[in-house]
Amino acid sequence: MAAIQALDVPAATPKGQRVPLDRRLLVGGVGLAIIVLAALAAPLIAPFNPIEQHLDARLQGPSGTYLLGTDNLGRDTLSRLLYGLRPSLISGLAAVALAAVSGTVVGMLAGYFGRWADAVLSRLLDLLIAWPTIFLALALVLVIGPGQFGVVLAIALAELPIFARVMRAITLSNVRGEHVEAARSMGASAPRIMVRHIFPFALSPLLVQFAIAAPLAVVAEASLGYLGLGTQPPAPSLGGILSDAELYLSQTYSAAVFPILTIALLVLSLTLIADGLQKMLDPRGAPVGL
Amino acid sequence: MTESDRAVTDRPLLEVTDLAVSFKVARARGSWTRPVVRAVDGISLRIEAGETLGLVGESGSGKSTTGRAVLQLVPADSGSIQLEGTDLATAGANGRELLRKRVSMVFQDPFGSLNARMKVGDIVGEPLEIQRIGDRPSRRSRVTEILDLVGLPADAISRYPHEFSGGQRQRIGIARALAVEPALVVCDEPVAALDVSVQAQILRLLKDLQRETGVAYLFIAHDLNVVRHVSRRTAVMYLGKIVEEGPSSTLFGAPRHPYTQALTSAIPIPDPDAPRRRLVLTGEIPSPTNPPSGCRFRTRCPYAQERCAAEVPLLEPAGDGVSVACHFWKEIAASKETTEPAAR
């Protein structure tokens, strides 16, 4: 065996030059962390019960007692916002996660099996993608029924094509590759090829898509909530608080402005994260692969 | 030795008979039908255990398709592929299992053929994992052993392919192909993507491995020097058909078919004073969607006559163990003898 001499191999290269942390990612991450912590800590930091009515203190502006004012039923806006973050974050995240998983599967099957499977699945995706996300989610939630479950399902379906298309493209670019042919020549099964030899190449683009889809999902959730189709009253949600406040805008600004600011801050953080991730994981900037 | 024993030992490792493979290509504009490319059109090959059969031809001759058809990566239209006496087409799942255990492949592209997201140890161990050979620790030790055998350092096991050079990556590909201890490795242009100096190392490695493990190779290449170096017998393909087949020394030393003559006359000789007669072919290889009638080589053959357009030449024995598919190989050989002294 020694007859075949080892060639000298250069000492291990430093494990892929570390990409410096993108500033947008950092700022967005801090913003999101604050929001998530606030939502988690709501029972500890909220000054009042979010559905407790103070009928003697209705439609008040910010004050020492009610830091962000009260709504038309005298409920504390700060407390409602803190509690309202939870359904927004959970629905948004659950919807995007569901969209990512199902979209990945659909895209991989379409790209891997091609032919009629691809034709059928791609036309279905076109059908979903033809409408604006919000409009589609609205139509779907009317069919599925209002409430948090309906909202999650509707947003997931509306965002599914984003993931499916990315996964399909990456599958197509890999399925004819020699590494896949090599796996086939060893007798690897279709699921094995998809999981081991195609999916790993989609990880970073899918992560970027996830970050892009998340703020869209949050906006969609808030919009559906605003239209009264999401979390049902009296439980607070960002969209619901805003729609309650809208009628009384002429009497107090605070009940409407603060939910808007909260939604804006959340979406901004998520978008910054998406931008930062895209920059960091961009194929052209990546040291290997893709 | 009994009669049945003899039958077993006389059986070739691989016997390909009248193999044909065709592909449908994209429809042309305004056409309703998809043209069919007959990439491999009725070829027969025989590989004995432990030997190397070279398969040469230019791009589009069908040599890679032949290799892929042997591994059942592309479906054959007709013909049979027998591995150790088992017909792979009719043996179903058993045939597939036999194929995956006994035959593996080394690819041309040392970059594309290795999954960049897998560690070398996982790449080389994957065929064992798929075949469910041994348990995790025993697979690991087999991988270590095989990496050593192909001349890679032991720490390669936990590194990624991008950390290696082209030649080293090809060693990884060879290690992967040998992991299941195959009887036959289909090498599809294994050195075409490598520098000449690295080519020699990889060819030597393949030869050493053959000596140590007794593996047979179907060695597909377009570089005649490479094929001559590694294979005992060589088959020359042109447009999906074998035009000449025989022992490498005879085939390259005294080519009978005009196509083989053209190929061998193009091999550079590193001696400026050596006599040379270049037989230069004109034109390109014709489209396999619409091959010439009769002899497929006739459109580029300097000796072509009317008969060549009418009648397909069959492979026939031409002495010294060589078979040739040309109507006029005798005449061409005779004319050579008379003109040889004149050519400087």
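Sequence lines, in order, name chains A and B. The opening residue of the first sequence carries number 70 in this note's numbering; numbering runs sequentially from there. The opening residue of the second sequence carries number 1488 in this note's numbering; numbering runs sequentially from there. Positions of the beta carbon are idealized from the N, C-alpha and C atoms, including for glycine.
Per DSSP, alanine 1536/B lies in no alpha helix (DSSP H) segment and is marked neither H nor E.
Around arginine 1583/B, the same chain offers Gln1559, Leu1575 as residues with beta carbons nearer than 8 Å, after the five sequence neighbours per side are excluded.
Taking 8 Å as the CB threshold, asparagine 1602/B lines the interface with chain A.
The Cβ atoms of valine 249/A and asparagine 243/A sit closer than 8 Å to each other.
Sequence-distant partners of isoleucine 1534/B (beyond 5 residues in either direction) whose C-beta falls short of 7 Å from its own C-beta, in its chain, are Pro1499, Leu1500, Leu1501, Leu1540, Leu1671, Ala1703, Leu1705.
In the DSSP annotation of this structure, aspartate 1505/B is not part of any alpha helix (DSSP H); the continuous beta strand (DSSP E) holding it starts and ends at 1501–1511.
Contact with chain B is found for glycine 256/A, since one of that chain's Cβ atoms lies less than 8 Å from the residue's Cβ. One Cα belongs to leucine 318/A, the other to glutamate 121/A, and the distance between them is close to 21 Å. Cα atoms of leucine 293/A and glycine 1579/B: separation of roughly 56 Å, rounded to the nearest angstrom. Burial state of glutamate 315/A is exposed, judged by a 10 Å Cβ sphere holding fewer than 16 other Cβ atoms. Listed by position along chain A, the residues whose Cβ is nearer than 8 Å to that of aspartate 1596/B are Glu247. Shown here for alanine 126/A: same chain residues with a beta carbon closer than 7 Å to its own, the five before and five after excluded, namely Tyr135, Thr139, Gly143 in chain order. With fewer than 16 other beta carbons inside 10 angstroms of its own, arginine 192/A counts as exposed. Between alanine 1666/B and proline 1614/B, the alpha-carbon positions lie close to 7 Å from each other. Counting the other Cβ atoms within 10 Å of the Cβ of glutamine 278/A gives 16 or more, which makes it buried. For phenylalanine 1651/B and leucine 190/A, the gap between their C-alpha atoms comes out near 40 Å.
The three-state secondary structure of isoleucine 1659/B, taken from DSSP, is helix. Interface annotation for the stretch 263–296 of chain A against chain B: Arg265, His266, Pro269, Phe270, criterion Cβ-Cβ distance under 8 Å.
Counting only runs of 3 or more residues that sit fully inside the stretch 164–207 of chain A, no beta strand (DSSP E) segment turns up.
Here tyrosine 152/A carries a helix assignment [DSSP, helix/strand/coil]. Counting along the chain, no beta strand (DSSP E) covers valine 1683/B; the unbroken alpha helix (DSSP H) around it starts and ends at 1683–1700. Listed in chain order, the positions of the stretch 1546–1572 of chain B with a beta carbon within less than 7 Å of a beta carbon of chain A are Leu1558, Leu1560. Here the C-alpha atom of threonine 173/A lies approximately 8 Å from the C-alpha atom of arginine 237/A.
For methionine 1605/B, the three-state secondary structure derived from DSSP is coil. Under the Cβ distance rule, glutamate 250/A counts among the residues neighbouring chain B, one pair being separated by less than 8 Å. In the structure shown, the three-state DSSP call for threonine 1577/B is coil. Contacts with chain A at 8 Å (Cβ-Cβ) include glutamate 1613/B. Comparing C-alpha distances from serine 323/A to each of Arg149/A, Gly97/A, Ala107/A, Val99/A shows the shortest one belongs to Arg149/A. The beta carbons of alanine 271/A and isoleucine 239/A sit closer together than 8 Å.
Judged by their CB atoms, alanine 168/A and leucine 229/A are nearer to each other than the 8 Å cut-off. Here the alpha carbon of arginine 1743/B sits roughly 37 Å from the alpha carbon of arginine 1521/B. Tyrosine 1647/B and asparagine 1712/B have their C-alpha atoms roughly 32 Å apart. With 16 or more other Cβ atoms from the protein chains shown falling within 10 Å of its own Cβ, serine 254/A counts as buried. DSSP, read as helix, strand or coil, puts glutamine 1748/B in helix.
The three-state secondary structure of glutamate 1732/B, taken from DSSP, is strand.
Neighbours of isoleucine 1659/B in chain A, taken as residues whose beta carbon is under 7 Å from its own, are absent, since the nearest beta carbon is some 11 Å off.
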